[in-house]
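Residue numbers (our numbering): 879 to 993.
Spelled out as structure tokens, the structure:
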């Protein structure tokens, strides 16, 4: 049966290392009201220098005991003027679904914090 197959080549765009981390207290109800943390790091995206894409961020840290922890984040760069008729594919970012299943701090839209 014929099908449609899409392939993609992924490679690291930048590799920032040696950035100094900061620790912030996490409120017990952060899952419901947010953490209210200050910005710890900023990255300037110069116009025209980052091609439109989904960018995955992988953060690796070592705690005081030397154990490595890894978390992921992402951002999306899109063109100012998009011509969808000429696009090879579309990336649908379902924010509400992403938030519903985000169980950071032990709760999400489907499961609360254990009593």
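Quick reminder that beta carbons are idealized off the backbone N, C-alpha and C, glycines included.
Report yes if the CB atom of residue 894 is closer than 8 Å to the CB atom of residue 902, and no otherwise.
no
First and last residue of the uninterrupted alpha helix (DSSP H) at residue 897
Here residue 897 belongs to no alpha helix (DSSP H), and DSSP marks it neither H nor E.
Residue interval of the beta strand (DSSP E) (run including residue 947):
946-955
First and last residue of the uninterrupted beta strand (DSSP E) at residue 918
From DSSP, residue 918 is part of no beta strand (DSSP E); its letter is neither H nor E.
Considering only DSSP beta bridges, list what residue 934 is partnered with.
952
Go through its chain and collect everything with a Cβ distance to residue 974's Cβ below 6 Å, but skip five positions before and after it.
none
Since residue 951 contacts residue 935 with CB under 8 Å, what's their CB separation in whole angstroms?
4 Å
For residue 918 and residue 896, I'd like the C-alpha separation in whole angstroms.
14 Å
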